[in-house]
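Trainee: One structure is given below, represented as structure tokens, and several questions about it will come after.
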Amino acid sequence: PYNQFLNTPSMQDFEQLFNTKLIAGKMHKMRHFQKTRLIAASLDTYRKLLDNNQLIITPASREDIILVTLTHYWEHQIHYPNQKHEVGIILTGKPPPSKSIIEQLQKAEIPTLYTPCSSYETMKKITSHTAKIKKDDHEKINKAIDVVENHIDFDLLCSQLDN
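Mapped onto the numbering used here, the consecutive letters of the sequence shown carry residue numbers 2 to 164.
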């Protein structure tokens with residue numbers, strides 16, 4: 002049976018895909034996201050799209066988008082300290098992120114990587130990428146086991162093998 006989560010890349014998958022390392026949030030390299038959003042819109046439009054469990058792809062030069070993402074993250078931490086607010090960022094483009102932006106992302110521990118690819122090239126790579134299950138991805142391994150156990154009758158299978 003198909004399970005959408007098993008096809009969802011982790012930040013570690015993106016590190017390998019773009020041949021780079023996380024610049025922030027390294028302890029969250031196995032994080033997966035339900036939504037991926039390429040943000041090239043106005044700041045007002047982006048504010049309406051802010052949500053939990055999403056990967057944001059935006060040019061590193063869009064510090065306004067990055068700062069709003071950080072503000073939203075910190076506000077969520079203050080108002081809902083017992084709820085996870087999982088966000089990830091892939092920064093794109095020729096100019097790399099500024100040192101101050103990197104420091105803020107590191108402080109928030111938001112998993113972030115930078116690739117000098119354009120946002121278009123980045124999305125093209127992501128949409129054509131097939132995520133695999135890796136031995137370090139315990140969440141995905143447990144989900145795969147759960148899917149198999151819920152769809153295969155092992156007792157019946159073993160009884161058929163004995164015949």
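Where a beta carbon is used, it is the ideal one built from N, C-alpha and C, also for glycine. Values in this document were obtained by computation on a predicted structure and should not be read as measured data.
Near F6, which residues of its chain fall below 6 Å by C-beta distance, leaving aside the five closest residues on each side in sequence?
Mentor: Translated into the one-based positions of the sequence shown, residue 6 becomes position 5. Contacts found: K144.
Trainee: Mind checking who V148 pairs with in its DSSP beta bridge?
Mentor: Position 147 of the sequence shown, counting from 1, holds the residue named residue 148. V148 is not bridged to any residue.
Trainee: Helix, strand or coil, according to DSSP, for A109 in the structure here?
Mentor: For this step, residue 109 is matched to residue 108 along the sequence shown. Note: A109 maps to helix in three-state DSSP.
Trainee: Is P10 near S62, with beta carbons less than 9 Å apart?
Mentor: Mapped onto the sequence shown, residue 10 falls at position 9. Mapped onto the sequence shown, residue 62 falls at position 61. No, these two residues do not count as a Cβ contact at 9 Å.
Trainee: Output the distance between the C-alpha atoms of I40 and I127, rounded to the nearest integer angstrom.
Mentor: Working through the sequence shown from its first residue, we reach residue 40 at position 39. Working through the sequence shown from its first residue, we reach residue 127 at position 126. Near 15 Å, if we compare the C-alpha coordinates of I127 and I40.
Trainee: Checking 9 Å against the spacing of the C-beta atoms, do S119 and G94 come in under that value?
Mentor: By one-based count along the sequence shown, residue 119 stands at place 118. By one-based count along the sequence shown, residue 94 stands at place 93. Going by C-beta atoms, S119 is nearer than 9 Å to G94.
Trainee: Considering only residues of the same chain and omitting the five flanking positions on each side of T37, which have a CB-CB separation below 6 Å?
Mentor: As a first step, residue 37 is located in the sequence shown; it is residue number 36 there, counting from the start. For T37, where only same-chain residues beyond five positions count, the Cβ hits under 6 Å are L56.
Trainee: Which ranges does the beta strand (DSSP E) cover as unbroken runs of at least 3 residues, wholly within the stretch 50-78, from first to last along the chain?
Mentor: Fully enclosed beta strand (DSSP E) runs of 3 or longer: 55-60.
Trainee: Could you check what DSSP says for T1 in three-state terms: helix, strand or coil?
Mentor: Examination of residue 1 is not possible in this model, given that the chain is present from 2 through 164 alone.
Trainee: Does DSSP put S160 in a helix, in a strand, or in coil?
Mentor: Residue mapping note: residue 160 aligns to position 159 of the sequence shown, counting from 1. In the structure shown, S160 sits in a helix (DSSP, three-state: H, G or I).
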